[in-house]
Structure formats: C-alpha cells, structure tokens
Amino acid sequence: MARDIVIWPNKVLTTPTKPITDFGEGLTKLLDEMFESMKEAEGIGIAANQIGVSQRCSWVGKEDGTFFEIINPEILETSGPVTLEEGCLSVPEQFEKTPRFHKVKVKYQDRTGAWHELEAEGRLAHVLQHEIGHLNGQVFVELLSGLKRGLILEKMKKLQKAMQRNKKS
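For the record, in the sequence shown the residue sitting at position 70 is 69 according to numbering that gives the first Met the number 0, with numbers rising by one throughout.
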C-alpha cells in the first residue's frame, strides 16, 4: 500500500536514518510500500524517510526504467563535479541546478543482506547521490544557495499548510 510522501522541511528528512540490521519480513513490507509510493508519485527513486520511516534503504531508478533497492549504502568514491537539474518527491514541483558528481562508486546491501559494489555515471550516479543524500538526512535544496533554499522553503511551508487544511475537511 502506498504511503503519503513527507514534504520538506519535515524533521524526518533532515535526520540521518538508522542502519538496517533485520533483513526479514518487515524490510520486505517497507520496500514494497516504498515502491508503491514511488510509482504512485511517478518518481525515479525514493528513500524510506520520504514516507516517514527513518531506516537506511532506498529504491533507485535506472535509465532503462527498472529499479533496484539499496540498503545501508555508502558512497566510496566520487569524481567529475557536475551541475544537473534536480527535483524531489519531497519538494514537489521545484527543480534547480544542483552540484553533484558525474561518477560514483557505491557499496550497499540487497534485501537478503548480501553486499554489492557498483560504479555508476551519468543519471544513475545522480539518482544514487540524491537517494543516499536522503538517507544521510540531506535534501537536495540544502546544496543550493541560501536565497534559492529560502524561496523553496516558503513554498513548501504553504504547501504543508494547504495539505493540513485538506486533511481536516
């Protein structure tokens, strides 16, 4: 079942997530709910804290339209600074040029607990950095200038108020 996407600046989005140690049914259920939420919102990735769960797992979309999960990921290496337009399910309808890296090397676990290493570049590297940023308690707007961040913050506060009003009615 899909869950609501948490809107920035909610504290769950700015707090580092907890490592996953139990690779059982609870994790499978969480990953399924995350996937449903991401698909419903038409995203290309989602982190657990974006549905209000402070656990270190995420879905990452590949350029071919498929997805894979990353659990307890770490970025091992980065190279080739690049600026790319970026958006986020937790910051709806806001897109800004954001500093990232063209290439990354990542270590992560799958849902069985097995470790993997992946070298990625381009869009996949971008999505990996974005989702791992979420798990570290960082939303892409924190990489922007104070002025841009402030303007987006005001829009998100208005959106949160409107959503609260809609829930009450």
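Using N, Cα and C, we set each Cβ at its ideal position, and we do this for glycine too.
Nearest-angstrom Cα distance between residue i and residue j?
i, j, result
"glycine 112", "histidine 133", "21 Å"
"asparagine 69", "cysteine 56", "The question names asparagine, but residue 69 in the sequence shown is isoleucine. About 6 Å."
"tryptophan 7", "glycine 51", "11 Å"
"glutamine 137", "lysine 157", "21 Å"
"glutamate 153", "isoleucine 43", "25 Å"
"methionine 155", "threonine 14", "18 Å"
"lysine 160", "glycine 86", "21 Å"
"glycine 64", "proline 72", "21 Å"
"glutamate 141", "asparagine 9", "13 Å"
"arginine 164", "threonine 20", "38 Å"
Determine whether the Cβ of residue i lies closer than 8 Å to any Cβ atom of chain C.
i, result
"glycine 86", "Among the protein chains of the structure shown there is no chain C, as only one such chain exists."
Spatial neighbours of residue i within its chain, please: CB distance less than 6 Å, with the 5 preceding and 5 following residues excluded, ordered by chain position.
i, result
"threonine 16", "Asn48, Ser53, Gln54, Arg55, Leu134"
"alanine 40", "Ile4, Leu88"
"alanine 1", "Glu35, Ser36, Glu39"
"proline 18", "Arg55, Asn71"
Sort the options by Cα distance to residue i and report the nearest one.
i, options, result
"alanine 46", "Ser78, Asn165, Glu130, Leu158", "Glu130"
"phenylalanine 139", "Glu116, His101, Ser89, Thr65", "Ser89"
"leucine 117", "Lys61, Glu84, Arg164, Met33", "Lys61"
"isoleucine 74", "His115, Phe67, Asn9", "His115"
"threonine 77", "Ile19, Gly64, Asp63, Gly121", "Gly121"
"phenylalanine 67", "Gly23, Asn9, Lys166, Leu123", "Leu123"
If you drop the 5 nearest sequence neighbours on each side, which residues of the same chain put their C-beta closer than 7 Å to that of residue i?
i, result
"valine 11", "Val5, Asn48, Gly51, Ser53"
"leucine 127", "Val59, Val103, Val105, Ala119"
"proline 215", "Since the displayed the chain opens at 0 and closes at 168, residue 215 lies outside it and no answer follows."
"methionine 33", "Ile45, Ala47, Ile50, Trp58"
"phenylalanine 22", "Arg110, Thr111, Gly112"
Tell me which same chain residues have a C-beta within less than 8 Å of the C-beta of residue i, skipping the five on either side of it?
i, result
"leucine 143", "Glu95, Thr97, Ile151"
"leucine 83", "Lys96, Thr97, Arg99, His125"
Flag this pair as touching only if the segment 94-106 and the segment 22-31 have three or more C-beta atom pairs under 8 Å; answer yes or no.
-> no
Do the segment 104-122 and the segment 148-158 touch if we need at least three Cβ pairs shorter than 8 Å?
-> no
Which runs of the alpha helix (DSSP H), 4 residues or longer, sit entirely within the segment 0-57?
-> 24-39
For the segment 61-141, list the alpha helix (DSSP H) runs that are entirely contained and at least 4 residues long, ordered along the chain.
-> 121-134
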